[in-house]
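Numbering (the working numbering), first residue to last: 961 to 1113. Yeah, the Cβ is synthetic: ideal placement off N, Cα and C, and Gly gets one too.
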Amino acid sequence: MIETLSDELEVNVPAHEAWALYGTLQFTYICVPDLFDSVEVLEGDGGAGTILKPVTKPGSLLPAYEDKIAKVDNENMVKEIHTHKGGYLDLGFNYYGVCFQVIKKTESSCITKVTLTYDVKEEFISSTSQVSIEEFSALLKYCNNYLINNHKK
């Protein structure tokens, strides 16, 4: 069963500024720790093939996991990340991935979009109750605030 959830947010900064955050490891160091205690880069430089190990905050029910950056498309401003080991895969999922995209709206604004895609084995369908776009929506808002506060005028 493949499912997709998404959210988007308009940001009043140029698309290239938003992509400078989302398309690099700066995103990992500045915005992602709002959700995690830390994020270790196990391998790579932020491009495709980079392996990340988020360390969840105390009380998380999600098993430890590693993510892999599968794609960084600078031309189309798209970054795809999927769980590489552990986490949702240990809970019966075949796939759990997230895609961040920056879409130019005007010269001074853009849309940031996040799409969560997952595939779960039928016998583990009850595990999908833990899946939510909410943490990624909160991440978009956090990044929006960061971008506005650090906008180069």
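Who are the Cβ neighbours of residue i in its own chain at under 7 Å, not counting the five residues just before and after it?
| i | result |
| --- | --- |
| D967 | V1074, I1093, F1096, S1097 and L1100 |
| V1062 | A975, A978, W979, Y982, M1037, C1070 and T1072 |
Which word fits residue i, buried or exposed, when buried means at least 16 other C-beta atoms lie within 10 angstroms of its C-beta?
| i | result |
| --- | --- |
| Q1090 | exposed |
| V1058 | buried |
| V1038 | buried |
| A975 | buried |
| P1014 | buried |
| T1072 | buried |
| K1028 | buried |
| L1021 | exposed |
| L1076 | buried |
| L1012 | buried |
Does residue i come out as helix, strand or coil in the three-state DSSP assignment?
| i | result |
| --- | --- |
| T1170 | Here the chain comprises residues numbered 961 to 1113, so residue 1170 is not present and cannot be evaluated. |
| D1005 | coil |
| K1112 | coil |
| K1081 | coil |
| L1076 | strand |
So, for residue i: in the same chain, excluding its five sequence neighbours on each side, which residues have a beta-carbon less than 8 Å away from its beta-carbon?
| i | result |
| --- | --- |
| L981 | F987, I990, C991, C1103, Y1106 and L1107 |
| E1003 | G1009, T1010 and I1011 |
Keeping to the same chain, check which residues put their C-beta closer than 6 Å to that of residue i; ignore five residues upstream and five downstream.
| i | result |
| --- | --- |
| N972 | S1069 |
| E911 | Within the shown structure, residues of the chain are numbered from 961 to 1113, placing residue 911 beyond reach of any answer. |
| Y1056 | T1043, Y1048 and Y1078 |
| D997 | V1015 and K1017 |
| A1024 | G1046 |
Below 8 Å, can you find three or more Cβ-Cβ pairs linking the stretch 962-977 to the stretch 1044-1052? no
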